[in-house]
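**Q** Chains as they are written, first to last, in this note's numbering: chain C, 2 to 630; chain H, 2 to 630; chain D, 20 to 350; chain P, 20 to 350. Glycine is no exception: its CB is placed at the ideal position from the N, C-alpha and C atoms. Please read all numbers here as calculations on a predicted model, not as lab measurements.
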Amino acid sequence: MGERESIVLRIAGDSGDGVQLMGSQFVASSAYAGSDFTTFQDFPAEIRAPLGSTFGVSAYQVNLGAGPITTSGDDPQVLVAFNPAALKVSRPLLAEGALIIINTNSFTRRNLAKAGFEKDPRETGELDGYRVLEVEISQRTLEAVADLDLTKTSAGRCKNFWALGLLLWMFDRELTPIEGYIAGKFKKNKLLVKANLAALRAGNAYAETAELSAPPQRVELQAADFAPGQYRGATGSEVLALGLAAAGELADRRLLFCSYPITPASSLLHHLVRLSQLGVGIFQAEDEIAAACAAIGASYGGAIGVTSSSGPGIALKTEAIGLAVSAEIPLVVINSQRGGPATGLPTKTEQSDLYQAVFGRNADTPVPVLAPASPSDCFEVAIEAVRVALRHMTPVIILTDGYLTNAAEPWALPDMGDYAPIECNQPPLLTAGADGESIAFQRDPVSFGRPWVVPGTPELMHRLGGLETNIETGHLSNNAENHQHMSQMRADKVASVAKFLAPQKVALGPDQGELGVVGWGSTYGPIYQAVRRLRDTGYPVSHVHIRQLNPFPENLESLLAGFDRLLIPEMNMGQLSTLIRARFGFEVVPLNNVTGQPFRVADLVDAIRAQLPQSSSEPDTPTPREASL
Amino acid sequence: MGERESIVLRIAGDSGDGVQLMGSQFVASSAYAGSDFTTFQDFPAEIRAPLGSTFGVSAYQVNLGAGPITTSGDDPQVLVAFNPAALKVSRPLLAEGALIIINTNSFTRRNLAKAGFEKDPRETGELDGYRVLEVEISQRTLEAVADLDLTKTSAGRCKNFWALGLLLWMFDRELTPIEGYIAGKFKKNKLLVKANLAALRAGNAYAETAELSAPPQRVELQAADFAPGQYRGATGSEVLALGLAAAGELADRRLLFCSYPITPASSLLHHLVRLSQLGVGIFQAEDEIAAACAAIGASYGGAIGVTSSSGPGIALKTEAIGLAVSAEIPLVVINSQRGGPATGLPTKTEQSDLYQAVFGRNADTPVPVLAPASPSDCFEVAIEAVRVALRHMTPVIILTDGYLTNAAEPWALPDMGDYAPIECNQPPLLTAGADGESIAFQRDPVSFGRPWVVPGTPELMHRLGGLETNIETGHLSNNAENHQHMSQMRADKVASVAKFLAPQKVALGPDQGELGVVGWGSTYGPIYQAVRRLRDTGYPVSHVHIRQLNPFPENLESLLAGFDRLLIPEMNMGQLSTLIRARFGFEVVPLNNVTGQPFRVADLVDAIRAQLPQSSSEPDTPTPREASL
Amino acid sequence: MSAELTFKDFETSQEVRWCPGCGDYAILKSVQRTLAEVGAKPESTVFISGIGCSSRFPYYMNAYGFHTIHGRAPAVATGLKLANPGLDVWVVTGDGDGLSIGGNHMLHTLRRNVGLKVLLFNNEIYGLTKGQYSPTSRPGTRSPTTPLGSTDTPLSAGLFALGAGARFIARAVDTDKTRLEPVLKAVHAYNGTAFVELFQNCIVYNDQIFGSFTDKTKTVDGQLHVQHGAPLVFGEGGSKGLRFVQQRMQLEVVDTENHADEILQHDETSPVLAQLLLGMQTPEFPMALGVIHRRSEQSFEDKFYANHPTGLTRTARVQDVINSRNTWRVE
Amino acid sequence: MSAELTFKDFETSQEVRWCPGCGDYAILKSVQRTLAEVGAKPESTVFISGIGCSSRFPYYMNAYGFHTIHGRAPAVATGLKLANPGLDVWVVTGDGDGLSIGGNHMLHTLRRNVGLKVLLFNNEIYGLTKGQYSPTSRPGTRSPTTPLGSTDTPLSAGLFALGAGARFIARAVDTDKTRLEPVLKAVHAYNGTAFVELFQNCIVYNDQIFGSFTDKTKTVDGQLHVQHGAPLVFGEGGSKGLRFVQQRMQLEVVDTENHADEILQHDETSPVLAQLLLGMQTPEFPMALGVIHRRSEQSFEDKFYANHPTGLTRTARVQDVINSRNTWRVE
Ligand SMILES: Cc1ncc(C[n+]2csc(CCOP(=O)(O)OP(=O)(O)O)c2C)c(N)n1
Ligand SMILES: Cc1ncc(C[n+]2csc(CCOP(=O)(O)OP(=O)(O)O)c2C)c(N)n1
Ligand code: SF4
Ligand code: SF4
Ligand SMILES: [Mg+2]
Ligand SMILES: [Mg+2]
C-alpha cells in the first residue's frame, strides 16, 4: 500500500465485543511506534442494547499518522466490523475504496435481520467500491484457544485480541507492549492471560502467513514529527482531571469536586475519584444544585471547590453561581456540553451552552468563561481557571464537550516546574483598632479580588451572602449608589481578567488577511486541519481559536479587524457569532453544524473555500481527499 | 398656588401609619376629579421594622395632574412626614422649595434619635429652602374622636384619615367618595366608621378654617385630557392578573397558575387567587422547579399553564423551560424582575434579566420574550403571550419588574369585544389508516405550532419528552440530519412569531431623525416624559419602545436605521444594547442605571440632551424642572 | 374499542431498549397485563417519567406518555392531575430520579396525597449513567464514583414515604408477577398517592442485589407477604411469624406453632406497624412485601376542586370583573 | 481571648431587624448564651442560613456567617464541613427554607448524618415573603395565597426527619430558654446531624399558632419534656403519663397514680417511640419536647476522611502521577 501520511481506522461491534479495549491498545502500540493520533469513542445511547442491533453498536475511531493529527478523521479507510450492525452503521461513513474487515462468523441470517439487512450485503453489490476482507474471526479465535480449558463464551471473548493481532501485523507494530498489557490486565486469571496471548499471536500469524495473500498489505505510516519529550495518550477528561489536581498542587489547597452524574460529564468524576493521593476529594451530591452549593461551601472553607455537569445540570446551578458572584467566592464550574435542548442527545457532542455560560444568570452577573481546544489543552485551561477564580474571587466556567471528553491524543507531558504557583489573596495583617469584619472586603485595585478569609481565622469573622452589600464594609446595603458601584465593580472585575491572560494569537496563518476562520473549543481540530490543507494548497486563510470567551482577550478586536472576512464555524446555531457581533459589531459569516457530530474536515474545507471565491492563486482542484487504500 | 399641570406628592411614615391606604384613597379621589396619575409604593425591606427606624419607612408617592403622567415623578413637591424617620429618608428626594407637612407629635427626642437625627432638623436649618407646615396630627386626631369610646391606640390609628382630610382640602377634592369608602371598609365596626369619618372631616375642617392661614394654599391641578371611557386605578400586577384571566376566557381554557412565593412576583399570585370565578386555579408549589413543571403538566393536560417568579426563581426554572421547548408545550413564564445578582435587592426594581430570558438556557433553545411598558400594557401583553404560546406551542417569557408590579395608573378599561378569540392548533381529523401517534407532530407550516393533543383524546396517544425526536413521527431520533432540522425548526418557530405581531411603532416623535431613544419595559414612563419635555422645547428626538424582545419586530432594523444615533436607557448594565448590537450591528449608546430606582426624568433629559450637542434649534435653558410649590 | 383489551393493546411499536435480562421488562409486562385486566383505557391513561433507564417506560406503553426531566415527574404529574383529574396518571421513576434529585417533589406529592400512581423502580444504582451508587445503595457499593466502596447511609424508600405522610405504601419484586399484579391493581384502585417500591434487578450494574430475598432458594424465608387482617407469617407453610416486644419496641421472629397467639395481625392503617415492617432488614427479618400501609383520605385534587369556589369553571365574565370595582367614567 | 466569653461576645454591631415581638429574638439570645457557656470560639463557629426571616440569623452572630440562597444552606454547609471538619457548623433555616424548597437537601443531610447543627425555625408560615402558608401550616390557614383557608396536609418536621434517617431529633419552644438552652447544648455536643425543630412564633402572620401548648395556661398540660430513661409524664406534678396500647399500637394518656407501672420510659434510641412521640397532636396529647431521638453514629465527614485513601492530604506529586502510566519518549 506504500507509505501514507495518515490513515483513519474504525473498529465497530457490539458493546460486548471489546471494541474500545481493542482500539485503545491498537493506539497504544501506534503511539510507541511514533504516530500522532486522535481517537474518538462512539458509544451507543443505550446501556446495553440488544445484541446485534444497530443502536447497540459501539465504535472506536482513530486517525493516525505523521500529524499534526487534530481530528479523529472524516472517512475511515479501514473498518473492522464485528457484526452486520457494525457494518450497517459504519458503511456510510467510509472513504471510497476503504478496506472492510468482516467477521464472517457473525454474518448469520439472524444477525443480518437484526441489523436491518434484507439480504447479505456481501451479495447485493452494496460493498462494491470497497475492498472486503472476510475472516472467520470468531472461529479462528476459538481454534486458537482450543487447547485451553475455557467456556465457549470466555473463548469467544478473546476475538478482539485476535483481530488486534491481525491489525498489528498490517501496521507493522510490535506485539510486545500489548503482551505486557495482557499480562497485567488479567493477572488475576492466568488462563485468560494465556488465552488472550494465544489469540493475539494467532491473529498476527494469520495475517503474516500465506493465508492472507490478498489485502491487507502492510500499511506504512510516516512517523510523526514529535517534539522530544515524554508522551502518553489521554482523553480530554483524563487531562482535565489531572489539570485540576495540578491546580490544587500549585495553589497548595485541597480540591473538592462536587458533582452529580450526568453524561458526558460523569467521566471527569470517575477520573478524579482516582486522584485521592493528590489531595482531591469527591462529593457525589443528591443533585446539581447541592453539588454547586457544596462546592461553594468548600471554597468558603478554603478548599478549591469545583462542580461539573452538562447543560441541563448547569441550568440548575445558575442560581448558585449567582451566589458565588455576589459573595465573591472562587468556584470552578465545568460544563461538558452535549446535544440539546432539554435532555436532547446526551451521547452526542455540541457547543451550544455558550450563551448559557456568558448570559445565563439572573441579573448582571458576569462570569469568566474559558474553553479548551483539545485534550491536551484541558490541562492548561484547568490551571488557568483555578488561577482566575482565586485571583479575582469569582466563579469561572469551563466549557468542554462530549467530543473532548472522549477523544484521546498524544499528550506531551507537562513539566510542573514550568507553572508558577497559584497565588490567592491573603488577608492583610490586622492592625490594632482596625475593623476585622471589613477585611474580607478590601479588594485588590487591579483584579478586584477580595481576600480569601476562611472560617477558622481568628478575629476576621464576617458575614457573606447574596444580598447586596456595602462596597467597603460588606454590610447589607439597600443604597442606590452603592448598588451601582457594586454592579460596576462586578463588571470591572470580570473585565480585568483579560489583563492577566495571554493575548490572542493566530493558530495558523498570518495575523491578517482575506479570511479569518474563528473557532472555539473542540472544533479546533477540524478547523486546524481544514485551514492547514487549504494553506498547503495556497489559499490565504488563517485560523484564530479563542480560548477565553469572557472576557475576550484584549487584542481580539484589533486582531479580527485585520481580516476582510470572518467565518465562524460552531457546533451550535451561531452563538460565538452573536458574541462577536455584540461585542465588536463585526459582520461575520456563521457556519453552524448541529448534528451531534464534530465537523468533517472536508465539509469545512468546502465551506472555507466558498468564502474565498476570487482568490487569485487558486488551482481549481477538488477538495483534497485522502487517497483511498 | 395657582393652576399647575402636575404635582408630585409623597406620604411617608411607619408601616403602621396607614400610609398606603391614605395614598390610595387620595389617588382615588383625584381620579374621580379627572387627574391622570402614576403611583409608586415604596415598601421597607423588612416585614415590620422597629417603629421609628429609617429602614422601616413605608412611602407612597404619586404624580398627578393633566398628563400624560407616565412616571411617579422625580422630586416630590409635597411631603407628608408622619415621623422623623420619614423626613430623614424623604428629604433628599424633594424638589427645592417643596412643602413638608410634619406631624409634630411624633418629633420626640426618642423618635429623632431612632431616625438618626442628632438634633431636631426643624432647628438646625436643614429644612431651610423648604416650606414646612407643622401640624399636631396625632393630637388633633385624638381630639376629633375624643367623644367616641375608643382605646388610645385605635384612636391614634385614625390619623391617616385626618391627614387625608387635610390633603383633600388642599387639592379641592370631594369628601364623599372617601366617606363611602370608610363606610364600606369598616362596616363590621360602626365605631371605627364614626371615628375615621370624624378624623377625615376634622382634618378637612382644620385646613379650611382659619387655623391654616399659611400654606398650604389650595392646589389647582389642570384636569387630564382623558379619552372618554370607563377607568379605574390599577397596578401592573392587578392588570397582569386580569390579562391572564382574559386570555383564559379568549382561549376558552382554564388557567392554572403555578408558583412559589417570591418578592415582588408574589403579588401576582395574590391577585390571581381572587379570580377563581374566571376559571383560574392556583397551585402553590414546593419550589420554583415544581411550579414550572406543574405548569407544564397543566398545559400538557389542556389548561393554560402559567408560572411566575423573580430572577433567582426563574434561574431554577430554566431546565424545565427547555423541556417545554423540546416537547413543544405552551407555557407562560412571568418574571417580575428585581435587583440582583443572587438575592440582591429584593424590594428594588431592575431590568437585568433580559439576558437570562433570551439566552439563559442550555443549548439552542429559543423562547419568545415580551415586556409590558406600563401597568395598562400588562393586559395586552398577557393576552399576547398566551396567544403566542398556543399558536406556536412554545413557552413565552414575560418580563415585568418590581416597579410595574407596584405602580398604579388610571386604566382605560378594555372592551373584551375588541379582542379576537385565542385559537389553538386543533388536531386534524384522523383519517382511516393514518398514524394517530404522529398527529401531535404535524406542525403548521407558518407558525410551526403542533396540534395540542391532550391526554384523554381517543386514538391519538403519543409520547412526548426532552430527547430529540424525529421531525415527522415524533419518535426518538439520534439522527444527525434530523437534529439539524429540528434545531432549525425551533429557531424558525420563534422567528415566525414576528410575522404575527404588530410592527414596531414609534412611541413619540417622527420615525427617523437625529436621535432615537430606545427602551423596553417599565422605563417607558420616564423615557416618554423626558422625550416629551425635550420635544416640547424643540429637540429632535424620538422614543421607540420595544415590547417584543425576542424575536424583534420585523421592521425594527429598518426603523432604527433611520436614526443617526441610538440611545438605550436601561435599568441594567446594557443588556438591550447588547441584543441590538448583536442582532443589527448598530452602534448604540448605552445609558445604564442600576440603582434599584426607576430613572429620574430629569436625569434622562440631561442624558438625552448630551446626545444632541450640535442640535440647531436649541435654546440653552436649564433642564425644565417643575416650579416648586 | 368495545372488545376486551389484552396486554397487547398497551404495547407500542417502539423497540424496547433495556439491557437483556433487566428487571424492567417484567414490570412492563405486568403493568400492561394489569391495565388490560382492570379495563383501563389507553386514552385516559398517562405515564409520566423522569430520566433513567426505568423512565423510558412511557415509550413502551400504548397510552399517553411524557418522558420529562430528571426528578421532576411528580411535579409535572401534579399539574396534569389538577388540569384533568379524570385521567389515570402513573409516575414511573427510579431511586435516583425519585429519591435523589427528585426527593423533594416526591416528598411533597406524598404529603399532599396527589392522586398519582407512583412506581419507584429501585435498583439501588444509577443505571442510565452507567452505574454510580445511589441514595439507596448499600454501604460498600463499588461503583465508578466509589471504587473503594460507598460509605453513605442508604435511604429506606418506605420509611421515607412514611415520614412524608404517605397513605399508601406497597412493595413488590419485579419478576414476581403473581404478587406484583395484585399490588398494581390495588394501586389502580387507590385515589391518593399510591407509592410502590419495586425491587428491580439491574443485571448490569447491581446484579442480584436483592438476592437475599429474591433468589429462588430464599423467597420462602426471605419474603413476608402482608395482607390486611391476616397474621404476619412467612416461611414454609407459614411456620414463622412476627411478634412485638414491647420492652424494646421491636419486632421479633418466632415460630408460629409455639407463639400462635402472639403473632401480629397486619393492620395496614397503623403507621407504627408500617414503620416496623418497612424497617425490617434481611437476613435477620424477611422483607415485607405487598400493601404495607393504606389509609383512605381525600386526594389533593379532590380537595382542590372541592375548595375552589367554582370548581375551576368559569362562572363570570372578565368584562364584569374588570368593570366591577372603583371605576369612574370620563365622557 | 483567654477570659471567659459572655453572650455579648457573640453579638454583632448589626441592628436586629425582626419584627418587634418575633420569636427569633429569644432564640438568638439563647444561642448566644449557649455558645458562651459551652466555650465556643467565634472564629471556629459558622452560621449558614438560607433565605427567610430566620435566615437573617448569621448577621446577628459574631461568628463566621453565610446567608446563602433559599433552601440550600444544608448543601453549602456540607461542602464547608467536608473542607474543614474542625469547624462548628450551624444551619439556620425555616419551615419554608428547610422543608419546602430545601426539603431535598435536608433529607439527604439527615440521611448522610453530616455533622451540622440544624435549627429549623418552624413558624408554620412564610414570614419573609409576607405570610403565605407553608408545608407545615395547619389545614385552614388563611394566607394571601389561601384566602379561603389552606387544604394541604401539613408535613410533620419530626416525622419527616425520622423517615429520612435522622439520628438526632429535638424540639423546643422559642421563648422557653430554660428548656431550649439544654437542648442547644446537646446539639453542640452531638457529632452528626442534630436536627432541632424550634416552635417559633411569627407575631405578624401566624401569631399564637402554638398557643395550644405555649400559652402560659397551657404549658403544664400541653408539654411533655422527655428525658432519656425518665418516665414520660407531664401535667401538674407529673400527674399524667403515656402508656402504649399494643392492640392499637398507639399511645394513650393515663393518670400516673393509677397506672404507675404502665407508664413508658423515654428511650431516645427507639425509632418506634420517636415516631409515637413525634406524632402526638395537641390537645389530645401533649407536645413532646426535648431530645426525642438520639443515636450515636459516625458522621458523614468522619467516614469521608476515614475512607479517603489519604485523608484528603496530598501524598503524591502531580508530576509523578502524570508520568506514571503508559508513557513513551520521543528523543
Ligand atoms: C438534570 C440532570 N441531571 C442528571 C442527569 C443524568 N441522569 C440521568 S438518569 C440518572 C440517574 C438514573 O438513576 P435512577 O433514577 O435510579 O434510574 P435507573 O437508570 O437506575 O433506572 C442521572 C444521574 C440528567 N439527565 N439530568
Ligand atoms: C429561589 C427563591 N425562591 C423564593 C424566594 C422567596 N422566599 C424568601 S424566604 C421564603 C420563605 C420563607 O419562609 P421560611 O423559610 O418559613 O422562613 P421565615 O421567613 O418564616 O422565617 C421565600 C418563599 C427566594 N428568596 N428565593
Ligand atoms: S443498566 Fe440496569 S437498569 Fe438500566 S436497562 Fe440495563 S439492566 Fe436495566
Ligand atoms: S414576619 Fe414573623 S417571623 Fe418574620 S420577623 Fe416578623 S414576626 Fe418574625
Ligand atoms: Mg436506579
Ligand atoms: Mg417560616
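Please compile the residues from chain P whose C-beta is within a distance smaller than 8 Å of the C-beta of Val245 (chain D).
**A** Going along chain P, no residue has its Cβ under 8 Å from Val245 (chain D), so there is no contact; the nearest lies around 15 Å.
**Q** If you draw a straight line from the alpha carbon of Ile311 (chain D) to that of Ile188 (chain D), how long is it in whole angstroms?
**A** Whole-angstrom Cα-Cα distance: 6 Å.
**Q** Less than 7 Å between CB atoms is the rule here; does Ser289 (chain D) satisfy it with respect to chain P?
**A** Interface residue, yes.
**Q** Look at Ile440 (chain C) and Val518 (chain C) and say whether their C-beta atoms are less than 7 Å apart.
**A** No. Outside cutoff.
**Q** So within the stretch 549-585 of chain H, which uninterrupted beta strand (DSSP E) runs reach at least 3 residues, ignoring any that extend past its ends?
**A** As far as the stretch 549-585 of chain H is concerned, its whole beta strand (DSSP E) runs of at least 3 residues are 549-551 and 564-571.
**Q** Just mark Val447 (chain H) as buried or exposed, buried being the case when its beta carbon has 16 or more other beta carbons within 10 Å.
**A** Val447 (chain H) should be labelled exposed.
**Q** Is Asn210 (chain D) helix, strand or coil by DSSP?
**A** Residue state, collapsed to three classes: coil.
**Q** So Gly631 (chain H) packs on Ala328 (chain H), CB below 8 Å; how close in whole Å?
**A** One cannot answer for residue 631 (chain H) here, as it falls past the ends of chain H, which runs 2 to 630.
**Q** Determine, for Pro154 (chain P), whether the minimum Cβ-Cβ distance to residues of chain C falls below 7 Å.
**A** Answer no: the Cβ-Cβ gap between Pro154 (chain P) and chain C never drops below 7 Å.
**Q** So for Ile102 (chain C), helix, strand or coil by DSSP?
**A** Three-state result, Ile102 (chain C): strand.
**Q** Distance check for Phe172 (chain C) and Ala67 (chain C), CA to CA, integer angstroms please.
**A** Between Ala67 (chain C) and Phe172 (chain C), the C-alpha separation is close to 14 Å.
**Q** What do you reckon, are the CB atoms on Leu270 (chain C) and Val337 (chain P) nearer than 7 Å?
**A** Against a cut-off of 7 Å, the Cβ pair of Val337 (chain P) and Leu270 (chain C) comes out as no contact.
**Q** Quick one: Cα of Tyr350 (chain C) to Cα of Gly121 (chain D), how far?
**A** Note on identity: in this sequence residue 350 (chain C) is Thr, with Tyr being the wrong assignment. Those two C-alpha atoms are separated by around 26 Å.
**Q** Please report the distance separating the alpha-carbon of Leu605 (chain C) from that of Asp76 (chain C).
**A** Going from the Cα of Leu605 (chain C) to the Cα of Asp76 (chain C) covers about 14 Å.
**Q** Please return the same chain residues whose Cβ sits closer than 8 Å to the Cβ of Gly166 (chain C), not counting the five positions on each side in sequence.
**A** Excluding residues within five positions, the ones whose Cβ falls inside 8 Å are Leu176, Ala200, Leu201, Arg202, Ala203, Gly204, Asn205, Ala206, Tyr207 and Ala208.
**Q** Where do the ends of the beta strand (DSSP E) carrying Glu410 (chain C) lie?
**A** Segment Ala409 to Ala413, the beta strand (DSSP E) holding Glu410 (chain C).
**Q** Can you tell me whether Thr128 (chain P) is buried or exposed? The criterion is at least 16 other CB atoms within 10 Å of its CB, across all chains shown.
**A** Label assigned to Thr128 (chain P): buried.
**Q** Can you pull the DSSP bridge partners for Ala82 (chain C)?
**A** According to DSSP, which records beta bridges pairwise, Ala82 (chain C) is partnered with C:Ala13 and C:Ile103.
**Q** Please list the partners that Thr596 (chain H) has in chain C, where partner means a Cβ-to-Cβ separation under 7 Å.
**A** Correct list: Ala481, Glu482, His484 and Gln485.
**Q** Compute the minimum distance between the beta carbon of Pro166 (chain P) and the heavy atoms of ligand 2, and state whether it is under 6 Å.
**A** Flag unset: Cβ of Pro166 (chain P) not near ligand 2.
**Q** For Thr264 (chain P), count neighbouring C-beta atoms within 10 Å of its own C-beta (all shown protein chains included) and say buried if the count is 16 or more, exposed if not.
**A** Going by the sequence as given, residue 264 (chain P) is Val instead of Thr. By the neighbour-count rule (16 or more Cβ atoms within 10 Å), Val264 (chain P) is not buried but exposed.
**Q** Given that a residue counts as buried once 16 or more other Cβ atoms are within 10 Å of its Cβ, and exposed if not, what is Pro93 (chain C)?
**A** Result: exposed.
**Q** CB-CB under 8 Å to Ala325 (chain D), same chain, minus the five flanking residues each way: which ones, in chain order?
**A** Cβ within range, chain order: Gln317.
**Q** I'd like to know if the stretch 592-603 of chain C and the stretch 568-575 of chain C are in contact, where contact means that at least 3 CB-CB pairs between them fall below 8 Å.
**A** Yes, they touch.
**Q** Is it right to say Met462 (chain C) is buried, meaning 16 or more other beta carbons lie within 10 angstroms of its own, or is it exposed?
**A** By the 10 Å Cβ count, Met462 (chain C) comes out buried.
**Q** Thinking C-beta only, is Glu320 (chain C) closer than 7 Å to Leu355 (chain H)?
**A** For Leu355 (chain H) and Glu320 (chain C), no; Cβs fall outside 7 Å.
**Q** Of the residues H:Arg392, H:Trp170, H:Arg5 and H:Leu346, which one's Cα is nearest the Cα of Glu482 (chain C)?
**A** It is H:Leu346 whose Cα lies nearest to the Cα of Glu482 (chain C).
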